[in-house]
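First the structure, in the form of structure tokens, and then the observations on it.
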Amino acid sequence: MRRGRWLAALVGLCCLAAAAWPAGVKGENEKTERLAVVTADRVNVRQGPGVPYRPLANVHRGETYRLIDKKDGWVKVEWKPNRTGWLAAAYAAPVRGMEIVQEDRLRLRQEPGLDGRVIGHLKQGDQVAVIKEEGEWKQVVTDDAVGWVASAYLAAAESSVGSRREGIVTADSLNVRVAPSLDAERVGRLLRGERVEIVETKRGWHQIVARSGLNGWVAAEYVEMKRGQAIGNEEEAVAASASPAGVGLAPIQTNGPRRYVNEWTRGPIQALAGKTIVLDAGHGGKDGGAQSVNGVTEKTLTMETAERLKEKFEAYGARVVLTRAGDDYVPLSARVAAARLYQADAFISLHYDSAADRDASGVTVYYYDRLADYGLAQSFQGPFSQLSALPFRGLAFGDYYVLRENERPSVLLELGYLSNRSDAAVVATNGYQEAVTTAIVNAVRHYFQ
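Mapping the sequence shown onto this note's numbering, position 332 (from 1) lands on 1069, and the numbers just tick up by one.
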């Protein structure tokens, strides 16, 4: 009899332990999987469960991965298809469920309750990972934060109406990659006008399935959401047609009559919102820097590049600080001080090179600190390698004052050789300035993904 009671108690404990894990989501084979979500900004995936093991990659807050095992304060995940690694358990949490936000500008709070400080807002249609529940509140993980939202404004991702979205490719040629990264292997491409189904959105990337069967990840900025796809019946179509020009109506799913809210608050995705970028236009004033055979000075080019970059970064929501706003001489110490004063998330020093070898050509990225700066420097490899006008010379260690004395993540970019007649002619063109600044912006966006 005692033995029977002991066995019953053991079975009960096992059931409780199993219930403690989240139900997860259904995988490709319709099997229930456990998921772990990353809760910190950048987390190393390591070869084994401990700091001495070699890092394999970085993962980021809000990303979910199949949870395989737990051991001594570490969790084992499948971070790529058929590739596993370990995350510190302090920076990952088991997922109770994936849910869809049902209200636009839903308040994300630091604590559960109406008195909790608001730390951000979620958009209708955002998918979040739920990691904890407390009364009528759920703790969720987004790309930008971990916080609490009212449970009433969430719905299970599997049953959420309209969670299957369609988009149209807006680029002439859009690369499809195996993972949401510019460094990921390319598996194909899509052409302008092709329609795709959007399976998941993660840090500025869409996981898509094309009508041809091609599937993978594409940059979200080149996929336009198909208008009116949430309209499912005549009543909704009438509501949409009656809305003022330029103002969309989004349905809110409730148990009562269907209600609508204006979508005017939805702007473009602010991929760099909350980030501060300090742009350092090299030289200036009495220090002209290098000069081409045609008389183009480095200080003039760096200022032009900085001004273009400022406009582009601000379009993505970044706060941009220029170390100089005109043809002024600014000491190196003051440039570094600006990065410290504004707590820069990235410091980018812009230059154009010169060398005794008149054949030297191309673009180089310099870093100083292997730990603090190398990740930022690495993000330039993909975008700069795709520049067609000038060759990419790669990453290099640079013992420059603005890097050596800088406490913030920093790089120094040499964007072409003014001592090379061909380079000098190219870098002064509007086409090159447009291409190189776009590459820089894409690199920084990739760094913060």
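Backbone N, C-alpha and C fix where the C-beta goes; we use that ideal spot for every residue, glycine too.
Fair warning: this is a prediction, and the values are worked out from it, not measured in the lab.
What is the DSSP secondary structure of residue i, reduced to helix, strand or coil?
{"i": "A1126", "result": "coil"}
{"i": "A882", "result": "coil"}
{"i": "D1017", "result": "strand"}
{"i": "A830", "result": "strand"}
{"i": "S949", "result": "coil"}
{"i": "L1078", "result": "helix"}
{"i": "L919", "result": "coil"}
{"i": "P1120", "result": "helix"}
{"i": "L711", "result": "Residue 711 is absent from the model: the chain starts at 738 and stops at 1186."}
{"i": "Y790", "result": "coil"}
{"i": "L1155", "result": "coil"}
{"i": "E958", "result": "helix"}
{"i": "A1071", "result": "helix"}
Going by C-alpha distance, which of the options is nearest residue i?
{"i": "G785", "options": "T801, V775, V774 and V814", "result": "V814"}
{"i": "D1160", "options": "V867, A1097 and N1167", "result": "A1097"}
{"i": "A889", "options": "Q839, L851 and V913", "result": "Q839"}
{"i": "R833", "options": "L804, G930 and A827", "result": "L804"}
{"i": "V1058", "options": "L1069, A1133, A1083 and K1036", "result": "A1083"}
{"i": "L928", "options": "I935, V906, D881 and R914", "result": "V906"}
{"i": "P1128", "options": "G1153, Y1089, D881 and R926", "result": "G1153"}
{"i": "A1034", "options": "R902, E1044, L1046 and H1020", "result": "Note that residue 1034 is Thr in the sequence shown, not Ala. Closest option to T1034, Cα to Cα, is H1020."}
{"i": "V1030", "options": "N1143, N1157 and K817", "result": "N1157"}
{"i": "L1093", "options": "Y790, L1155 and V1073", "result": "Before going further, note that residue 1093 is Ala rather than Leu in the sequence given. The shortest C-alpha separation from A1093 is found at L1155."}
{"i": "A866", "options": "G857, D852, V883 and R923", "result": "V883"}
{"i": "E903", "options": "I935, R1130, A1126 and G872", "result": "I935"}
{"i": "E1171", "options": "K1049, V924, Y802 and F1185", "result": "K1049"}
{"i": "R1056", "options": "D909, P1068 and Y1079", "result": "Y1079"}
{"i": "D778", "options": "G799, D863 and G810", "result": "G799"}
{"i": "D1110", "options": "R1095, Y1184 and Y1169", "result": "Y1184"}
{"i": "V1178", "options": "A1114, E922, I945 and R926", "result": "A1114"}
{"i": "W942", "options": "A956, V933, R948 and N952", "result": "A956"}
{"i": "V933", "options": "W816, S910 and A947", "result": "A947"}
{"i": "Y1089", "options": "A1162, V1073, N952 and A1074", "result": "A1162"}
Counting along the chain, where does the beta strand (DSSP E) carrying residue i start and finish?
{"i": "T1101", "result": "V1100 to Y1104"}
{"i": "L859", "result": "V855 to L859"}
{"i": "Y1089", "result": "A1083 to D1090"}
{"i": "D723", "result": "Only positions 738 to 1186 of the chain appear in the structure, and residue 723 is not among them; the question remains open."}
{"i": "Q1012", "result": "Here residue 1012 is Lys; the residue named in the question, Gln, does not match the sequence. No beta strand (DSSP E) contains K1012, which DSSP labels as neither H nor E."}
{"i": "A892", "result": "L891 to A893"}
{"i": "N1031", "result": "Counting along the chain, N1031 falls outside any beta strand (DSSP E), and DSSP gives it neither H nor E."}
{"i": "A866", "result": "Q864 to E871"}
{"i": "S1191", "result": "Residue 1191 lies beyond the residue range present for the chain, which begins at 738 and ends at 1186; the question has no answer from this structure."}
{"i": "L851", "result": "Unbroken run through L851: none, as it is neither H nor E."}
{"i": "R1056", "result": "R1056 to L1059"}
Counting C-beta neighbours from all protein chains within 10 Å, is the total for residue i 16 or more, i.e. buried, or is it exposed?
{"i": "L1009", "result": "buried"}
{"i": "A1099", "result": "A small correction: the amino acid at residue 1099 is Gly; Ala does not occupy that position in the sequence shown. Counting Cβ neighbours within 10 Å, G1099 comes out buried, since at least 16 surround it."}
{"i": "T1166", "result": "exposed"}
{"i": "A1081", "result": "buried"}
{"i": "K875", "result": "buried"}
{"i": "K808", "result": "exposed"}
{"i": "R842", "result": "exposed"}
{"i": "A830", "result": "buried"}
{"i": "L744", "result": "Caution is warranted here: a pLDDT of 45 is assigned to L744, below 50, making its placement in the model unreliable, and no coordinate value can be reported."}
{"i": "V1015", "result": "buried"}
{"i": "Q1123", "result": "exposed"}
{"i": "E922", "result": "exposed"}
{"i": "Y689", "result": "The requested residue 689 is not part of the displayed model; the chain covers only 738 to 1186."}
{"i": "G791", "result": "In the sequence as presented, Gly is not what sits at residue 791; that position holds Arg. R791 comes out exposed."}
{"i": "S1147", "result": "buried"}
{"i": "N819", "result": "exposed"}
{"i": "A1071", "result": "exposed"}
{"i": "G1026", "result": "buried"}
Assuming residue i is part of the alpha helix (DSSP H), what are its boundary residues?
{"i": "T1174", "result": "N1167 to F1185"}
{"i": "E1051", "result": "E1035 to A1052"}
{"i": "L1113", "result": "Y1111 to Q1115"}
{"i": "D1160", "result": "R1158 to V1164"}
{"i": "Y1138", "result": "Y1138 to R1141"}
Would you list the residues sitting across from residue i in a DSSP beta bridge?
{"i": "T821", "result": "E815"}
{"i": "E937", "result": "Q944"}
{"i": "D806", "result": "K813"}
{"i": "D719", "result": "No answer is possible for residue 719: it lies beyond the span of the chain, which begins at 738 and ends at 1186."}
{"i": "V775", "result": "A829"}
{"i": "L928", "result": "S910"}
{"i": "E903", "result": "E934"}
{"i": "S1147", "result": "F1084"}
{"i": "L1187", "result": "Only positions 738 to 1186 of the chain appear in the structure, and residue 1187 is not among them; the question remains open."}
{"i": "R783", "result": "P792 and W823"}
Checking contacts by CB at 8 Å: is residue i closer than that to chain B?
{"i": "V1015", "result": "This model lacks chain B altogether; it includes just one protein chain."}
Can you tell me whether residue i sits near the ligand GTP, meaning its C-beta is under 7 Å from at least one heavy atom of the ligand?
{"i": "R1072", "result": "Among the components modelled here there is no ligand, and therefore nothing to report on the ligand GTP."}
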